[in-house]
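Novice: Count along the sequence shown starting at 1, add 9, and that's the number in this note's numbering.
Questions regarding the structure given below will be posed in turn.
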Amino acid sequence: MDSAYWNEKYDTEEFIYTTTVNRFVKEYLEALPTGKMIDLAGGEGRNAVWFAERGWQVEVVDFADKALSKFLALAAERGVADRATATIADATGFEAKLAPADLGVIGYLQIAQEPLATAIAGLVAQLKPGATFFGVWHALDNLEGGFGGPRDPAVLPSIASLTDILSGLPVVIESVEIRDGQIQTKEGLKPSKTVIAKALVN
Ligand SMILES: C[S@@+](CC[C@H](N)C(=O)[O-])C[C@H]1O[C@@H](n2cnc3c(N)ncnc32)[C@H](O)[C@@H]1O
10 MDSAYWNEKY DTEEFIYTTT VNRFVKEYLE ALPTGKMIDL AGGEGRNAVW FAERGWQVEV
70 VDFADKALSK FLALAAERGV ADRATATIAD ATGFEAKLAP ADLGVIGYLQ IAQEPLATAI
130 AGLVAQLKPG ATFFGVWHAL DNLEGGFGGP RDPAVLPSIA SLTDILSGLP VVIESVEIRD
190 GQIQTKEGLK PSKTVIAKAL VN
């Protein structure tokens, strides 16, 4: 999917991914001390704004300008515009203004393994030693009886593929795991599998 696809999706008043922080981002990262964070492919900024409200300096990097405008509007509405930076760029080649940062987050960047590996490496390279890398994706396992997210196996990471990507980077892997959850569909709540990766930068 290119930026035109995403801009068209974001071209509505509604926040399509809500304005509420992702539950895994909250669960895994809430205890971190305040610092600078980069939200790669951060979209409308639901996660970045949550960090900004907790005192972090935040930067959303995304190739969809419509998403970035909504992020900046949300940050202004929540009174944290002075801590919010937007950068329009492709995830596979970006320079973050807040680098080196204390935290790098990627939420649901469902792209093929090779560009994903490039994006993760680029993000890790813009984090400080000791910083946290955190990613969350619809998992490959979701294709078997799971709901939500894309159905193309090429853009669905697994524990093995993420471990492979992270193993080649200067990080210590803390966890790569599948989390079971539920997703609201027209037919009610259905099971959904999410893959999480958390690592500390060397
Ligand atoms: C499913 S949305 C998730 C947004 C946000 N992380 C969240 O959880 O609310 C995926 C985001 O990735 C962005 N994206 C997809 N491919 C990208 C790329 N190659 N470079 C930069 N952004 C990209 C899209 O514009 C979109 O905002």
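For every residue, glycine included, the Cβ atom is placed at its ideal position computed from N, Cα and C.
Just so it is clear, the structure is predicted and the values come from calculations on it, not from any experiment.
Kindly confirm or deny that the segment 154 to 167 and the segment 131 to 142 touch, where touching means at least three C-beta pairs closer than 8 Å.
Specialist: These segments do not touch.
Novice: Quickly, what does DSSP pair Arg188 with across the bridge? List them, please.
Specialist: Arg188 is bridged to Thr203.
Novice: Please list the terminal residues of the continuous alpha helix (DSSP H) segment that includes Ala130.
Specialist: First-last of the alpha helix (DSSP H) with Ala130: Gln122 to Val133.
Novice: Which whole-angstrom value is the C-beta distance of Phe103 and Thr96, which I expect to be below 8 Å?
Specialist: The pair is a contact, with the Cβ atoms about 7 Å apart (cut-off 8 Å).
Novice: Between which two residues does the alpha helix (DSSP H) carrying Trp59 extend?
Specialist: Segment Arg55 to Glu62, the alpha helix (DSSP H) holding Trp59.
Novice: Answer yes or no: do Leu112 and Leu49 have a C-beta to C-beta separation smaller than 8 Å?
Specialist: No, the pair does not count as a contact, with Cβ atoms beyond the cut-off.
Novice: The alpha helix (DSSP H) with Ile47 in it runs from where to where?
Specialist: Ile47 -> not in any alpha helix (DSSP H); beta strand (DSSP E) instead, spanning Lys45 to Leu49.
Novice: Just mark Ala85 as buried or exposed, buried being the case when its beta carbon has 16 or more other beta carbons within 10 Å.
Specialist: The residue is exposed, with fewer than 16 neighbouring Cβ atoms inside 10 Å.
Novice: How is the beta strand (DSSP E) around Val69 delimited, first residue to last?
Specialist: Element bounds for Val69: Gln66 to Asp71.
Novice: Where does Lys35 land, buried or exposed, given buried means 16+ other C-beta within 10 angstroms?
Specialist: When all chains shown are included, Lys35 counts as exposed.
Novice: Quick check: what's the CA-CA separation for Leu77 versus Phe33?
Specialist: Computed Cα separation, rounded: 22 Å.
Novice: Go ahead and label Leu118 buried or exposed: buried means 16 or more other beta carbons lie within 10 angstroms of its beta carbon, across all protein chains shown.
Specialist: With 16 or more Cβ atoms within 10 Å of its Cβ, Leu118 is classed as buried.
Novice: Tell me whether Arg32, by its Cβ, gets closer than 7 Å to a heavy atom of ligand 1.
Specialist: Because no heavy atom of ligand 1 lies under 7 Å away, the Cβ of Arg32 does not count as near it: no.
Novice: With DSSP as the reference, please indicate the residues paired to Trp146 in a beta bridge.
Specialist: Its beta-bridge partners are Val204.
Novice: Cβ of Asn31 within 8 Å of Cβ of Gly144?
Specialist: Against a cut-off of 8 Å, the Cβ pair of Gly144 and Asn31 comes out as no contact.
Novice: Smallest Cα separation from Lys202: which of Arg55, Trp146, Ile174 and Lys195?
Specialist: Nearest of Arg55, Trp146, Ile174 and Lys195 to Lys202, Cα basis: Trp146.
Novice: Quick one: using the 10 Å Cβ neighbour count with 16 as the cut-off for buried, is Gln135 buried or exposed?
Specialist: Buried.
Novice: List the endpoints of the continuous beta strand (DSSP E) containing Ile97.
Specialist: Per DSSP, Ile97 belongs to the beta strand (DSSP E) from Ala93 to Ile97.
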